[in-house]
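Heads up: the structure comes next, in structure tokens.
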Amino acid sequence: MAEEFNIVRGTKEEQYKALLPQLRALVGGEPDLVANMANIAAVLKAQFDFFWVGFYLVKGDELILGPFQGPVACTRIGKGRGVCGTAWERTEALIVPNVDTFPGHIACSAQSKSEIVIPVMKHGDVIAVLDVDSEYLNHFDETDAAYLAKVVALLSR
Ligand code: SME
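Just so we're on the same page, the working numbering is the position in the sequence shown counted from 1, plus 72.
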């Protein structure tokens, strides 16, 4: 249950490692995708205080804003557009250390400086992306990519 979620201290890896079983318990008994995305966004925001963390869901040829925590964001992103649409098109995680150097980056907030996007897969298709923005440059690395991939895998079960 959400109220049993514990904020964890330690290295980034230790935090993700401690978070995963809690997230598994949180979403394990709930089949609804959007409800689980909402709780995952809330937990990631509470644990890491990311500037913006949330999901865009694939609907037709666009990504549509889903559950998130943070400032108001753009609602629709075309396939191949921005970091999110590019991660969708390529079916791969993208780490952007400096959003100003990513061609076509969509700036929902001028405060966002770096970003990571992880595709959410189901039966071989991208059904959504997890997008995390930081107000700091170079905030995300392969540790985030590896553990956030495990986090979004919880949505595909
Ligand atoms: N920066 C993203 C758009 C979404 S917001 O960051 C919440 C992009 O370029 O796809």
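Here a beta-carbon is modelled for each residue, glycine too, at the ideal position from N, C-alpha and C.
Q | CA-to-CA distance, F140 to L209, given in whole angstroms | A | Separation of L209 and F140 (C-alpha to C-alpha, rounded to the nearest whole angstrom) is 21 Å.
**Q.** Residue environment, T173, which counts as buried when at least 16 other CB atoms sit within 10 Å
**A.** Its Cβ having fewer than 16 others within 10 Å, T173 is exposed.
Q. With 16 other CB atoms within 10 Å as the buried threshold, where does G157 fall?
A. Buried is the call here.
Q. In this structure, does DSSP put M73 in helix, strand or coil?
A. Unreliable positioning characterises M73 in this predicted model, as indicated by a pLDDT of 49, which lies under 50. The coordinate reading is nonetheless provided below. The answer is coil: DSSP assigns M73 none of H, G, I, E or B.
Q: State the DSSP-derived secondary structure class of D104, mapped to helix, strand or coil.
A: Residue state, collapsed to three classes: coil.
(Q) By alpha-carbon positions, which one of H211, Y219, D205 and V192 ends up nearest to N108? (A) Measuring C-alpha to C-alpha distances from N108 to each of H211, Y219, D205 and V192 identifies V192 as the nearest.
Q: Could you tell me the boundaries of the beta strand (DSSP E) in which L202 lies?
A: Note, L202: beta strand (DSSP E), D197 to S206.
Q. What is the residue span of the beta strand (DSSP E) that R148 lies within?
A. Taken as a continuous stretch (DSSP letters only), the beta strand (DSSP E) holding R148 covers R148 to G150.
Q.
Please report the straight-line C-alpha distance between E161 and G152, rounded to a whole angstrom.
A. Approximately 5 Å between the Cα atoms of the pair.
**Q.** contact_flag[the region 201-219, the region 108-128] where n(CB pairs < 8 Å) is 3 or more
**A.** They touch, by the three-pair rule.
Q. Would you say A110 touches the ligand SME, meaning its beta carbon is less than 7 Å from a heavy atom?
A. Closer than 7 Å to some heavy atom of the ligand SME: that does not describe the Cβ of A110.
Q. Distance, Cα to Cα, I79 vs D197?
A. One Cα belongs to I79, the other to D197, and the distance between them is close to 33 Å.
Q: Closer than 6 Å by C-beta to D216: which residues in its own chain qualify, once you throw out the five before and the five after it? Chain order, please.
A: Once the five neighbours on either side are set aside, the close Cβ partners of D216 are I188.
Q. For T134, which of G154, L116 and V144 has the nearest alpha-carbon?
A. The amino acid at residue 134 is misidentified as Thr; the sequence shows Glu. Nearest of G154, L116 and V144 to E134, Cα basis: G154.
Q: Indicate the three-state DSSP secondary structure (helix, strand or coil) for K222 in the structure shown.
A: Here K222 carries a helix assignment [DSSP, helix/strand/coil].
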